[in-house]
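Asks: Chains A, B and C supply the protein sequences, listed in that same order. By the working numbering, the letter at position 59 of the first sequence is numbered 59, and the numbering carries on one by one without gaps. Start counting at 1 in the second sequence, then tack on 320, and there's your number in the working numbering. Start counting at 1 in the third sequence, then tack on 934, and there's your number in the working numbering. All C-beta atoms, glycine included, are put in the ideal place defined by N, C-alpha and C.
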Amino acid sequence: MLQYALHRLALAVPTLFGLTVVIFIAIRVLMPVDVVDVLLGETDTTFDPTIAAELREKFGLDGPLPVQYARWLGRVAQGDLGRSFVSGRPVTEELLYRVPTSLQLGLGALVITVLVALPIGMMSAVRRDTVPDYLARGGAILLYAVPGFWLAILVLVFGSVWFRWAPSIEFRPFWEDPLANLKHIWLPMLILGLNSTGTMIRLVRTQVLEVLGHDYVRTARAKGLSTQTVYFRHVLRNALLPIVTVVGLQIPNVVSGTVIFEQIFLVPGVGRYLLTALQRLDIYVILGTNLFFGTVLVFSNLVVDILYGVIDPRIRFSGR
Amino acid sequence: MNSNYWLSRRMSRRVSRRGVLRSSAIGGLGLAGAALLGCSGDDEEPSGGATPDTIATTDPAGSGEPQRGGTLRTHSLGDVETFYMLTAPQLSGGRQMGYAISRLLMPSVGEGGPADGSLVGDLSESHEVVDPQTYVFHLRKGVTWDDRAPTSGREFNAEDVVRSFDQASETARARGSISNAVNPDAPIESMTALDDHTVEMKLAFPDVLVLYQIANLSPMGIYPVEAIDGAFNPEQEMRGTGPFRLVEYRQGVSMRFERNEKWHLGPERPYLDAIELSIIPEAAQLETQFRAGNIHMGSGEISNQPQLVQEVPGTLLYTAPPEGNGATLNFNWMPDSSFLDERVRRAASMALDRDTFIEVIFRPAEYVEAGLELPQTWNNPLPSSYGPWWLDPKGPDFGESAQYMHHNLEEARRLLDAAGFNDGNPLRYELIFPGNRHDSRRTRQAETWQAMSSQAGIEVVLNSTDYNTGWLEIYSPSRGYWPRGPEQSEPMDGVLYRPSSSKTDAGQWFTDYFNPQGSNTITGEEFPDLWDQVVALKGMTDEEERRAAVHDIQRYAVEHMVTCPVDATTDFTDVHWEGLHGPGVVQPWPGALGGYGYATEVLPHYWLDERLRT
Amino acid sequence: MSGATTVREPAVRLDGLPRTRSAWGSFVRFATRKPLGFAGLCILVAMGLAAAFAPIVAPYGYDEFDFARALEGPSRDFFLGTDHLGRDVFSRAIWGTRVSLGVSLAAVFLAQAAAASVAIVSGFYGGWVDKIVQRLVDIWIALPTLVILITLIAIVGPGVKSMILIVAATIAPNYARLIRSVVLQVREEPYVEAAQAIGVSNTRVMLRYILPNVAHVIIYSATVALGAVILIVASLGFLGYGLPPPQPDLGAMLSGDGLEFMRRQSMLAIVPGVAITLIVFSFNIFGDALRDALDPRLRGR
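As structure tokens, then:
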């Protein structure tokens, strides 16, 4: 188990390394203009090449590209993600300020997804080919097909036109004012959660169907165990393993969703930080946030893999 | 000067009886002209009628004196990246700087009418011109810095000014526009302290426009010596001598400013106790929040204004002079460009129906429905917000050349024909503009432009580029790109360009955009005599003479169509909730609310009555 | 290698049915057995035809304007009303669908072609090539696709070409993994071994024996991928990184100008959203039905 985790961890490092290389190359090679030019912008009325040169030096963007990258990597190894090109603030600090908010939003959405999808998915599998099943399946595809940002915009625009309703304007961190925090974040959480519920319902249904087809379920039923006992003791437990994987599969969706919904719903998280940075091509912020998102995914995959081992029935059986 | 825009503006404003009544509410400001505050719905009800019980203590007509107190809730589109403009490479969030940072001089505001562009003292109490190259500033006494350490309420003195200038000429991004040491075209040679409260400024050459340069918060904000020496971090802490103090900043959420009780232009102002600024990057969210009353006023970005004031009782529409940065179509001056032919440039301009353009872009008819007549003006290359400095192309004083701005398809076709373009061989050019959702109005302008040109037989091919990547590649002349450099990858003809900042003075505007060597040139090196006229402005001490010269420059620019003015415009319009006094009455120079110094110049005059005090 | 022996073609075809059954027959069978999937197919065909023949089908061009009739509600002239420049919303939705579908089809085609070639080659040969390819695929899959997509497009600049290439590159690895897993199974089938035993060249084996037998996976995953890619493209458009104007982009129609005016002309808010939802929904129900029909192992479940 430990060896397995270590193995996965060893794979994580080159993954994240590769990610930063790709983005670095994109910014420094594929992008048609130099980031320093972007920074100085069109309002630089009296062009002075020394300013550009100073900026390059200040932000470590002088010298050959591999050297620039290595310099950045060297600092990252020490926990320093560089400084924002625009504000001069350290990226690490800014990220730490925003990470809890994004995690709260993402995890909350994930919980909503599971809470909604698990019962519906199970019901749909158990009542296969009945009206509720069709409804659940149709609903699941519909939930998947509706673009989340559209739903958000509809709520925002027509909520205000019809009911003169507006979501909370002022975000507060949970540890500061839990009530105000929840008042603000429930809506993006719900929409983000529903956004990935469709896929989840379908995956849960498939997994439960698989388990239902197994011999031990038939045996349990044949033994005359009550339907409930069968479903909860045998089916759910055995479906749990693949479902954990399924939850893991949803994490990328949720992470991507935070980027869109943080922007719409005034949540000061990492996703919005990235979008702002992209508008200005703030190179170290872009690298830093991508590294963060990459890390979250790599580690959540790791956690899922470990959980997989923990609840794997075969491991239990061999222990008996 | 009967058709003078400013006169007609004021006359049109008198149309509204209620507008007159309401503007008297600004007791502390007087009534230079009757400013118009729009009406919410019907015309007869006093505007406070929607919430009668909450206004019982004040006269709904607003004859009350300005009251102190209350928290104004407004918004910003994004975070403020840095508070330190002496080193900042980019000042995208610079608008908030004026809350706390002062200058030596600043443009005066219009009180009850448009501002006239004159300068008044901020940290400088008075100044004298010793000779055309020597200015002496007498600084205000008793001005103190922030109470917190390390400034600890220390008195502001000449050293702060001198050090701020030195630092700005060393590291400020716009240092090239002030410091002669950096740029031989820039005027200021040195600033020295004569005593604790007197500063002498030496110029390298006579330049009457230098004061306007100083009145621009970028790069001439005055910081305490402690900031420059690094005793605190001025990038992240906003500490100055301005009307407000930043007391709380939640990144990505909000900023809270409180009144600086010791402001040197106080003590009765600012009236507001505090300003709460929510950071709202989404347009839909912004409108929703305003409709719900969570913010009291917009900054020009709220959409659907005429509908909004009719649908939501208690909201008002107001106007201010238009933005100080009008879009122009900039021509390609490369050797094979069709636009080297003056006739073609004129035809391109005459294809545009500027009045219809206003209708499409601003939809003034909807404002009329909401009870507000918007004055409609045409920018010549100088935007119409520059008040008396701007010459109305529709007016009698403009002269012959104004015809090139009037819609005249027949003449346009005739000119094109003479230049060798006809239906078989139409004039075809690519219009490049930065079109994305961050600035959808430009897309709308370009699409309208294309449609109108087609009626003159001109084929306009739209080429929308991403602002950051494509646009700057084209429009970074300083980096050797268009219109001077041969480095652009694809041939192009026209660029729809909108300067991103207003200037404090018309002369400054020309200096930036007509300078053949300047980085923002839109004329290239095609019009040396135009540039000579602009340079001559620097030596004109007599304002009347200078204004006449500025008018001549506009005539010349339109005559030769050095750049085609695109923006025909209406007043800047915005909405606010009843109970807030000031918007539309206190008017900044030159126009829109976007100036860096807005917070110092305008917000101290705003006040809230009981309705918004809770 | 006398060439006298002909290797029998695999008995199981794309549809998992004996090859004697005609294409029409299996189509009718599909339509009757899977009415929902068939409905999805019909919607897709209808929308696809409308998009393909937009110049004929759409009553107006996407940039055909009438300033005097801006922001009108549905009427006889304008089935779904007009936008702020007086352009027909219905026509713009059709043109927008054409653009979105076109870009998504191109991206998915590219992605599947790349994924299939890599998967077949690496799955067939195995060994270190396979190991390296799999490692790379594993790495890529672990990353936040949409975030990287937004980042890359923001950096490189939006445009039809860059959009197709970047979307294809970011989604391809997912399909490479899926296809490879099936290639591994097919490689062990007797007819493949037989072909190799009689000396059929590797290229021919891959093209004639493996490709046709993994085709059902490619087709099914492409169908589902199309739905996903349309959503991705719409999200990019919404965030401001869609196709540059005046190209009508369904996602971008829901932001910018559309967002500004949708309170007044609600069709601006509803039409593009419904169009996206309908396309994605149809691709998914059709895809599901197709999977059941194509994959014998899943049929009847």
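#1: Counting only Cβ-Cβ distances shorter than 7 Å, please list the residues of the region 255-275 of chain A near chain B, keeping chain order.
#2: With a threshold of 6 Å on Cβ separation, who are the neighbours of His184 (chain A) within its own chain once the five nearest residues in sequence on each side are excluded?
#3: Quick one, which of B:Trp769, B:Ala888, B:Ser784 has its alpha-carbon nearest Asp712 (chain B)'s?
#4: Contact check, Ile264 (chain A) vs Leu274 (chain A) under 8 Å by CB: the rounded distance?
#5: Could you pull the DSSP bridge partners for Gly430 (chain B) from this structure?
#6: Using a Cβ-Cβ cut-off of 7 Å (strictly less than) and excluding sequence neighbours within five positions of Arg474 (chain B), which residues of its own chain qualify?
#7: Under three-state DSSP, which class holds Thr697 (chain B)?
#8: Report the CB separation of Met1097 (chain C) from Ile1105 (chain C) in whole angstroms; it is logged as a contact under 8 Å.
#9: Tell me, please, whether the region 514-528 of chain B touches the region 575-585 of chain B by the rule of three or more beta-carbon pairs shorter than 8 Å.
#10: In chain order, what residues of the region 602-618 of chain B put their CB closer than 9 Å to some CB of chain A?
#11: I believe Gln429 (chain B) touches Ala420 (chain B) by the beta-carbon criterion, under 8 Å. Please report the beta-carbon distance rounded to the nearest angstrom.
#12: Do the CB positions of Thr197 (chain A) and Leu143 (chain A) come within less than 8 Å of each other?
#13: Going by DSSP, what residue range makes up the alpha helix (DSSP H) through Asn1147 (chain C)?
#14: Here's the rule I'm using: 16 or more other beta-carbon atoms within 10 Å means buried, otherwise exposed. How should Val1081 (chain C) be labelled?
#15: According to DSSP, simplified to helix, strand and coil, what is Arg665 (chain B)?
#16: Short of 7 Å in beta carbon distance, which residues of its chain neighbour Leu297 (chain A), apart from the five on each side in sequence? Order them along the chain.
#17: Distance cutoff 8 Å, beta carbons only. Does Thr377 (chain B) sit that close to anything in chain C?
#18: How many angstroms separate the CA atom of Ala612 (chain B) from the CA atom of Val895 (chain B)?
#19: Judging by CA-CA distance, which residue of A:Met200, A:Val67, A:Val267, A:Thr245 is the nearest neighbour of Val310 (chain A)?
#20: Residues bridged to His901 (chain B) by DSSP?
#21: Of all the CB atoms in chain A, is at least one closer than 8 Å to the CB of Ile595 (chain B)?
#22: Apart from the five residues just before and just after Gln1199 (chain C), which ones in its own chain have a Cβ nearer than 6 Å to its Cβ?
#23: With a threshold of 6 Å on Cβ separation, who are the neighbours of Gly271 (chain A) within its own chain once the five nearest residues in sequence on each side are excluded?
#24: Counting pairs of beta carbons, one from the region 1038-1046 of chain C and one from the region 1129-1137 of chain C, are three or more of them closer than 8 Å?
#25: To which residues of the same chain is Asn783 (chain B) closer than 6 Å at the C-beta, ignoring the five residues directly before and after it?
#26: Given that a residue counts as buried once 16 or more other Cβ atoms are within 10 Å of its Cβ, and exposed if not, what is Thr902 (chain C)?
#27: Can you find a C-beta in chain B that's less than 8 Å from the C-beta of Ile51 (chain A)?
#28: Name the one or two DSSP bridge partners that His458 (chain B) has.
#29: Where does Ser1200 (chain C) fall in DSSP's three states?
#30: Starting from Ala1050 (chain C), trace the alpha helix (DSSP H) both ways and give me its first and last residue.
#31: Less than 8 Å between the C-beta atoms of Gly971 (chain C) and Asp1222 (chain C), yes or no?
#32: For Val854 (chain B), which residues of its own chain have a beta-carbon under 8 Å away from its beta-carbon, when the five flanking residues on both sides are left out?
#33: If you drop the 5 nearest sequence neighbours on each side, which residues of the same chain put their C-beta closer than 7 Å to that of Met123 (chain A)?
#34: Please report the residue range of the beta strand (DSSP E) in which Ser497 (chain B) lies.
#35: Which of helix, strand or coil does DSSP assign to Ala984 (chain C)?
#36: Pull out every residue of the region 1182-1193 of chain C whose Cβ sits closer than 8 Å to any Cβ of chain B, in chain order.
Replies: In terms of the structure at hand:
#1: Residues Gln263, Ile264, Leu266, Pro268, Arg272.
#2: Working through the first sequence from its first residue, we reach residue 184 (chain A) at position 184. Closer than 6 Å at the Cβ level, and outside the excluded window around His184 (chain A), lie Ser168, Phe171.
#3: If you number the second sequence from 1, residue 712 (chain B) lands on position 392. Each of B:Trp769, B:Ala888, B:Ser784 was checked against the Cα of Asp712 (chain B), and the nearest Cα belongs to B:Ala888.
#4: Residue numbering aside, residue 264 (chain A) sits at position 264 when the first sequence is read from its first letter. Residue numbering aside, residue 274 (chain A) sits at position 274 when the first sequence is read from its first letter. Leu274 (chain A) and Ile264 (chain A) do not touch by the CB rule: their CB atoms are close to 14 Å apart, not below 8 Å.
#5: Numbered from its first residue, the second sequence carries residue 430 (chain B) at position 110. Per DSSP, B:Gln907.
#6: Counting from 1 along the second sequence, the entry for residue 474 (chain B) is found at position 154. Within the same chain, Arg474 (chain B) has close Cβ partners Thr464, Trp465.
#7: For this step, residue 697 (chain B) is matched to residue 377 along the second sequence. Correct three-state label for Thr697 (chain B): strand.
#8: By one-based count along the third sequence, residue 1097 (chain C) stands at place 163. By one-based count along the third sequence, residue 1105 (chain C) stands at place 171. Actually they are not in contact, since the Cβ atoms of Met1097 (chain C) and Ile1105 (chain C) sit about 12 Å apart, beyond 8 Å.
#9: These segments do not touch.
#10: Interface annotation for the region 602-618 of chain B against chain A: Glu602, Ala604, Gln605, Glu607, Thr608, Gln609, Phe610, Arg611, Ala612, Gly613, Asn614, Ile615, criterion Cβ-Cβ distance under 9 Å.
#11: What you label residue 429 (chain B) is simply residue 109 of the second sequence in a count that begins at 1. What you label residue 420 (chain B) is simply residue 100 of the second sequence in a count that begins at 1. Checking the displayed sequence, the identity of residue 429 (chain B) turns out to be Val instead of Gln. Rounded to the nearest angstrom, the Cβ distance from Val429 (chain B) to Ala420 (chain B) is 18 Å, too far for a contact under 8 Å.
#12: By 1-based counting over the first sequence, the position of residue 197 (chain A) is 197. By 1-based counting over the first sequence, the position of residue 143 (chain A) is 143. The answer is yes: Cβ separation under 8 Å.
#13: The residue labelled residue 1147 (chain C) in the question sits at position 213 within the third sequence. Where Asn1147 (chain C) is concerned, the enclosing alpha helix (DSSP H) stretches over 1145-1172.
#14: In the third sequence, the residue the question calls residue 1081 (chain C) occupies position 147. With 16 or more other CB atoms across the displayed protein chains lying within 10 angstroms of its CB, Val1081 (chain C) is buried.
#15: Numbered from its first residue, the second sequence carries residue 665 (chain B) at position 345. Helix, per DSSP.
#16: One-based indexing of the first sequence puts residue 297 (chain A) at position 297. So the qualifying residues of the chain are Ile251, Pro252, Val255.
#17: For the purposes of this step, residue 377 (chain B) is identified with residue 57 of the second sequence, where counting begins at 1. Note on Thr377 (chain B): pLDDT 28, under 50, position unreliable in the model; no value is reported.
#18: Stepping through the second sequence from its first residue, residue 612 (chain B) is reached at position 292. Stepping through the second sequence from its first residue, residue 895 (chain B) is reached at position 575. Cα to Cα, Ala612 (chain B) sits roughly 13 Å from Val895 (chain B).
#19: Along the first sequence, one-based indexing puts residue 310 (chain A) at 310. With distances taken between Cα atoms, Val310 (chain A) lies closest to A:Thr245.
#20: Position 581 of the second sequence, counted from the start, is the residue given in the question as residue 901 (chain B). According to the DSSP secondary-structure assignment, His901 (chain B) is paired through a beta bridge with B:Trp927.
#21: Against the second sequence, residue 595 (chain B) aligns to sequence position 275. Proximity of Ile595 (chain B) to chain A, defined by a Cβ-Cβ separation below 8 Å, is not satisfied.
#22: Residue 1199 (chain C) sits at position 265 when you count from the first residue of the third sequence. Excluding residues within five positions, the ones whose Cβ falls inside 6 Å are Leu1005, Gly1015.
#23: As a position in the first sequence, residue 271 (chain A) is number 271, starting the count at 1. These residues qualify, in order along the chain: Thr258, Val259, Glu262.
#24: These segments do not touch.
#25: By one-based count along the second sequence, residue 783 (chain B) stands at place 463. Only Glu750, Ile752 meet the Cβ criterion.
#26: The shown model of chain C, from 935 to 1235, leaves out residue 902 (chain C), and the question about it has no answer.
#27: To locate residue 51 (chain A), count along the first sequence from 1; it is residue 51. Yes, Ile51 (chain A) lies at the interface with chain B (some Cβ there is under 8 Å from its Cβ).
#28: For the purposes of this step, residue 458 (chain B) is taken as the residue at position 138 of the second sequence. Answer is B:Ser446, B:Thr518.
#29: Indexing the third sequence from 1 puts residue 1200 (chain C) at position 266. Correct three-state label for Ser1200 (chain C): coil.
#30: Within the third sequence, the letter at position 116 stands for residue 1050 (chain C). In the DSSP assignment, Ala1050 (chain C) falls within the alpha helix (DSSP H) that extends over 1023-1059.
#31: The residue given as residue 971 (chain C) occupies position 37 in the third sequence. The residue given as residue 1222 (chain C) occupies position 288 in the third sequence. Yes, the pair counts as a contact, with Cβ atoms nearer than the cut-off.
#32: As a position in the second sequence, residue 854 (chain B) is number 534, starting the count at 1. So the qualifying residues of the chain are Gly827, Phe830, Thr831, Phe834, Asn835, Ile873.
#33: Looking up residue 123 (chain A) in the first sequence gives position 123. Correct list, in chain order: Pro132, Ala136.
#34: Looking up residue 497 (chain B) in the second sequence gives position 177. No beta strand (DSSP E) holds Ser497 (chain B); DSSP gives it neither H nor E.
#35: By one-based count along the third sequence, residue 984 (chain C) stands at place 50. Three-state DSSP puts Ala984 (chain C) in a helix.
#36: Taking 8 Å as the upper bound on Cβ-Cβ separation, chain B lies near residues Ala1186, Ser1189, Gly1190, Asp1191, Leu1193 of the region 1182-1193 of chain C.
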